[in-house]
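Visitor: The opening residue of the sequence shown carries number 66 in my numbering; numbering runs sequentially from there.
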Amino acid sequence: MTTTTHALAAPPDLGALYRRAVLSGLSGFLRRGGDLPNTTLELPAVTTDVEHLGAYARVCGFRLRDELPATYPHVLAFPLSVQLMADPSFPFPLPGLVHVRNQITQFRPLMVDEVFALRVRMADLRPHERGQQFDVVAEAVVAHQVVWRDVSTYLRRTGGRGGPRGDVRREAPEPSGLWRVPADVGLRYAAVSGDRNPIHLNRFAARAFGFPRAIAHGMWTKARCLTAFEGRLPDALLVDVHFRAPVPLPSRVAFSAHADASGWLFALHDPRRGKPHLTGSINLI
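1. Quick one: what does DSSP say residue 248 is sitting in, helix, strand or coil?
2. In the DSSP output, what is residue 313 paired with across the bridge?
3. Could you please give me the residues that DSSP links to residue 304 through a beta bridge?
4. Suppose you measure from the CA of residue 321 to the CA of residue 333; what does that come to, to the nearest Å?
5. Between which two residues does the beta strand (DSSP E) containing residue 217 stretch?
6. Run through DSSP, which three-state label would residue 79 get?
7. Using only alpha-carbon positions, find the residue among 196, 309 and 192 that is nearest to residue 161.
8. Using DSSP's beta-bridge definition, name the partner residues of residue 242.
9. Check whether the stretch 74-89 touches the stretch 117-127, counting contact only when three or more Cβ pairs, one atom from each stretch, lie closer than 8 Å.
10. Would you say the stretch 141-154 touches the stretch 185-195, given that touching needs at least three Cβ pairs under 8 Å?
11. Under the rule that 16 or more other beta-carbon atoms within 10 Å means buried, what is residue 287, buried or exposed?
12. Would you check if there are 3 or more beta carbon pairs closer than 8 Å linking the stretch 244-254 to the stretch 262-279?
13. Which residue from 113, 150, 152 and 151 puts its Cα closest to that of residue 134?
14. What separation, rounded to the nearest whole angstrom, lies between the Cα atoms of residue 217 and residue 70?
15. Can you tell me whether DSSP reads residue 269 as helix, strand or coil?
16. CB-CB under 6 Å to residue 172, same chain, minus the five flanking residues each way: which ones, in chain order?
17. Whole angstroms is fine: what's the gap from residue 169's alpha carbon to residue 206's?
18. Just confirm the distance between the C-beta atoms of residue 339 and residue 290, as a whole number of angstroms; I'd bet it's less than 8 Å.
19. Can the beta-carbon of residue 309 be found closer than 8 Å to that of residue 342?
20. Let me know if residue 312 comes out buried or exposed under the rule of 16 or more other beta-carbons within 10 Å of its beta-carbon.
21. Please name the residue in 68, 141, 104 and 314 whose C-alpha comes closest to that of residue 77.
22. Check whether the Cβ atoms of residue 103 and residue 284 lie closer than 8 Å to each other.
23. Nearest-angstrom Cα distance between residue 256 and residue 210?
24. For residue 271 and residue 315, what's the separation of their Cα atoms in angstroms?
25. Any idea what DSSP makes of residue 341, helix, strand or coil?
26. What distance in whole Å lies between the Cβ atoms of residue 101 and residue 153, which are believed to be in contact at a cut-off of 8 Å?
27. Within the same chain, show all residues whose beta-carbon is closer than 7 Å to that of residue 117, passing over the 5 residues directly before and after it, in chain order.
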């Protein structure tokens, strides 16, 4: 099937998109599924705003370097993802989608002074025991070569009970550190990422979706985990994370990591109950 590519002159207005998303949620009963939009959105010449990068680094805990953190292009691609999901052709209402997995493949680091294209599309609508899943695929392209790829898997729940779970293949090791997750990290990460989903911003909105209080962004938890490996990772890698259970704000989490034959395994757990919030791996490519 031929994909239609739309080049954008500037990043989409997330405020307008969220207002459209609210309307899509109110009229969600009219959406009865169907195919994913066969559209690719492209920003052809992306440059790095150093002040924005610095704010992102402070929120997540990265050191400032000449290379972009592997998770940083995700926030640049996020407005394009929201535009695709807020479009009337998208088969599901945006409110209620659950981000269950994220895979980032970095073929080489992107440099702060590089100009690159960002492309975002949807792929692989498939059944799940609790509903349906699909992927949002973002790519950074330099000189016609993909140097970075991000695959975010979302779940649209239509049945079943309990939260989303991925395949747990290995047990996490003993915690190597306890991290404090401050109450304001949802607001701070929303300011730099543009992801202003109310469940991250205040307890009243979170309660409406079944959470006792606001929860941290999944991509903040992934980025925070990667800061623990700074200076020890190669240029080319695959970082694969399953989001198991939300991290409430504020809270403490137990971080664990150990090396294996292909790279690293890491996890975040509730230090009292042992319940996993996130499990991940870093593989060399």
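Ideal placement from N, C-alpha and C gives every residue a C-beta, glycine not left out. On a predicted model such as this, the values are computed, not experimentally measured, just so you know.
Guide: In terms of the structure at hand:
1. Your numbering for residue 248 matches position 183 in the sequence shown. Looking at residue 248 - three-state DSSP - the assignment turns out to be coil, as it is neither helix nor strand.
2. The sequence position of residue 313 within the sequence shown is 248, counting from 1. In DSSP, residue 313 forms a bridge with 280.
3. Within the sequence shown, residue 304 is the residue found at index 239, counting from 1. According to DSSP, which records beta bridges pairwise, residue 304 is partnered with 169 and 347.
4. Reading the sequence shown from its first residue, position 256 is the one you call residue 321. Reading the sequence shown from its first residue, position 268 is the one you call residue 333. Going from the Cα of residue 321 to the Cα of residue 333 covers about 7 Å.
5. The residue you call residue 217 lines up with position 152 of the sequence shown. Per DSSP, residue 217 belongs to the beta strand (DSSP E) from 210-222.
6. Translated into positions along the sequence shown, residue 79 becomes position 14. Helix at residue 79.
7. The residue labelled residue 161 in the question sits at position 96 within the sequence shown. When only C-alpha atoms are compared, the closest one is 196.
8. Reading the sequence shown from its first residue, position 177 is the one you call residue 242. Residue 242 is bridged to 320.
9. Counting C-beta pairs closer than 8 Å gives fewer than three between the stretch 74-89 and the stretch 117-127, which falls short of the contact rule.
10. Contact between the stretch 141-154 and the stretch 185-195 is present, because at least three Cβ pairs lie under 8 Å.
11. Looking up residue 287 in the sequence shown gives position 222. Buried: at least 16 other Cβ atoms inside 10 Å.
12. Flag = yes, the stretch 244-254 and the stretch 262-279 touch.
13. Start at 1 with the first residue of the sequence shown, and residue 134 comes out as number 69. Comparing Cα positions, the closest option is 113.
14. As a working mapping, residue 217 is identified with position 152 in the sequence shown. As a working mapping, residue 70 is identified with position 5 in the sequence shown. Distance between the alpha carbons of residue 217 and residue 70 is about 20 Å.
15. Residue mapping note: residue 269 aligns to position 204 of the sequence shown, counting from 1. In the structure shown, residue 269 sits in a helix (DSSP, three-state: H, G or I).
16. By one-based count along the sequence shown, residue 172 stands at place 107. Hits under 6 Å: 212 and 301.
17. Taking the sequence shown and counting its residues from 1, the one referred to as residue 169 is at position 104. Taking the sequence shown and counting its residues from 1, the one referred to as residue 206 is at position 141. Their backbone Cα atoms lie some 14 Å apart in a straight line.
18. Here residue 339 refers to the residue found at position 274 of the sequence shown. Here residue 290 refers to the residue found at position 225 of the sequence shown. Going by Cβ atoms, the distance from residue 339 to residue 290 rounds to 18 Å, so no, they are not a contact pair.
19. Taking the first residue of the sequence shown as 1, we reach residue 309 at position 244. Taking the first residue of the sequence shown as 1, we reach residue 342 at position 277. Their beta carbons are under 8 Å apart, which means residue 309 touches residue 342 by this criterion.
20. By one-based count along the sequence shown, residue 312 stands at place 247. Looking at its Cβ environment, which holds 16 or more other Cβ atoms inside 10 Å, residue 312 is buried.
21. Position 12 of the sequence shown, counting from 1, holds the residue named residue 77. The shortest Cα separation from residue 77 among 68, 141, 104 and 314 belongs to 141.
22. On the sequence shown, position 38 is the one that residue 103 refers to. On the sequence shown, position 219 is the one that residue 284 refers to. No, they are not a contact pair.
23. Within the sequence shown, residue 256 is the residue found at index 191, counting from 1. Within the sequence shown, residue 210 is the residue found at index 145, counting from 1. Distance between the alpha carbons of residue 256 and residue 210 is about 31 Å.
24. Residue 271 sits at position 206 when you count from the first residue of the sequence shown. Residue 315 sits at position 250 when you count from the first residue of the sequence shown. Those two C-alpha atoms are separated by around 13 Å.
25. Here residue 341 refers to the residue found at position 276 of the sequence shown. Of the three classes helix, strand and coil, the one that applies to residue 341 here is strand, per DSSP.
26. Stepping through the sequence shown from its first residue, residue 153 is reached at position 88. Stepping through the sequence shown from its first residue, residue 101 is reached at position 36. Residue 153 to residue 101, Cβ: 13 Å. No contact.
27. Counting from one through the sequence shown, the residue named residue 117 turns up at place 52. Counting only Cβ-Cβ distances below 7 Å, and skipping sequence neighbours, we find 257.
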